[in-house]
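Enquirer:
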Amino acid sequence: MTRTDHIAICPGSFDPITLGHEDIVRRALSFADQVIVAVAHQSSHRKTGMFSIEERVALIADVFADDPRVEAAQFEGLLVDFARSRGADLVVRGLRGVRDFEYEFQMALMNRELYPGMETVFLAPDAGRSFLSSTLVREIASVGGDVSRFVAEPVLRRIEERRATRST
Ligand code: PNS
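This is the structure we're talking about:
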């Protein structure tokens, strides 16, 4: 049996990428030949957040340095336009629970309306990671808490470097 390659996009804010995101991306590799982890941004909002867009992309690249099937990227504007430009046929999103569902379902339907050639795939995270979010990691890190169980080594290092430069 032959089939065409599947290129999946994992879009998000990734400020910063967490172990929860990493789990979803690695699961997506069981059915996608290539996964593009793409940081969405609007140039008018570039200054907001913990890490710049470039730093987020660099951290994603570091986290997946072991797997050439994963690419770190950024895009501005509509996800469907980026997906078309990259020949992607899948969008992958993690669903941490029912609280995510309403918004994710609405986005999936809208994206299909805008680009019928692309399907959204929802993945359940590792059970031990379903409570994780970038927002909570930022909050814990901002008050000096330990986030070592929630982010990969390169992200932790970057958070600690920032902490060190700010406290000198
Ligand atoms: O990590 P997030 O913030 O939950 O990710 C949301 C994201 C980036 C996937 C979503 O806001 C998005 O796709 N933005 C790109 C702009 C776009 O295409 N908007 C229309 C979605 S129907």
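Quick note: the sequence shown uses the numbering used here, first residue 1129, plus one each step. C-beta: ideal position from N, C-alpha, C; glycine also.
(1) Going by DSSP, what residues sit across from H1169 in a beta bridge?
(2) Since V1220 contacts A1136 with CB under 8 Å, what's their CB separation in whole angstroms?
(3) Rounded to the nearest angstrom, how far is the Cβ of S1262 from that of P1139, given a contact under 8 Å?
(4) Output the distance between the C-alpha atoms of E1232 and R1224, rounded to the nearest integer angstrom.
(5) Per the DSSP calculation, R1221 is bridged to which residue(s)?
(6) If you count every other CB in all the chains shown that lies within 10 Å of the CB of M1246, and 16 or more means buried, which is it?
(7) Span of the alpha helix (DSSP H) holding L1287?
(8) Assuming I1188 is part of the alpha helix (DSSP H), what are its boundary residues?
(9) Indicate whether at least one CB of chain B lies closer than 8 Å to the CB of Q1170.
(10) Spatial neighbours of F1229 within its chain, please: C-beta separation below 7 Å, excluding the five flanking residues on both sides.
(11) Which of helix, strand or coil does DSSP assign to V1271?
(12) For the ligand PNS, is there any heavy atom lying closer than 7 Å to the beta carbon of G1140?
(13) Quick one: what does DSSP say I1145 is sitting in, helix, strand or coil?
Expert: In terms of the structure at hand:
(1) For the purposes of this step, residue 1169 is identified with residue 41 of the sequence shown, where counting begins at 1. BP columns for H1169 point to E1204.
(2) Locating residue 1220 in the sequence shown gives position 92, where the first residue counts as 1. Locating residue 1136 in the sequence shown gives position 8, where the first residue counts as 1. Yes, V1220 and A1136 are in contact; Cβ-Cβ is about 5 Å, under 8 Å.
(3) Walking along the sequence shown from the start, residue 1262 turns up at place 134. Walking along the sequence shown from the start, residue 1139 turns up at place 11. In fact, because the Cβ distance is near 13 Å, the residues do not count as touching under 8 Å.
(4) Counting from 1 along the sequence shown, the entry for residue 1232 is found at position 104. Counting from 1 along the sequence shown, the entry for residue 1224 is found at position 96. Taking the straight line joining both Cα atoms gives about 11 Å.
(5) For the purposes of this step, residue 1221 is identified with residue 93 of the sequence shown, where counting begins at 1. Beta-bridge pairing links R1221 to F1250.
(6) By one-based count along the sequence shown, residue 1246 stands at place 118. By the 10 Å Cβ count, M1246 comes out buried.
(7) Position 159 of the sequence shown, counted from the first residue, corresponds to residue 1287. Per the sequence presented here, residue 1287 reads as Ile, with Leu not at that position. Run containing I1287: E1281 to R1294, per the alpha helix (DSSP H) assignment.
(8) Taking the sequence shown and counting its residues from 1, the one referred to as residue 1188 is at position 60. Per DSSP, I1188 belongs to the alpha helix (DSSP H) from I1181 to V1191.
(9) Within the model displayed, chain B is absent; a lone protein chain is all it includes.
(10) Position 101 of the sequence shown, counted from the start, is the residue given in the question as residue 1229. Closer than 7 Å at the Cβ level, and outside the excluded window around F1229, lie L1223.
(11) To locate residue 1271, count along the sequence shown from 1; it is residue 143. The answer is coil: DSSP assigns V1271 none of H, G, I, E or B.
(12) Position 12 of the sequence shown, counted from the first residue, corresponds to residue 1140. Flag set: Cβ of G1140 near the ligand PNS.
(13) To locate residue 1145, count along the sequence shown from 1; it is residue 17. I1145 falls in the coil class under three-state DSSP.
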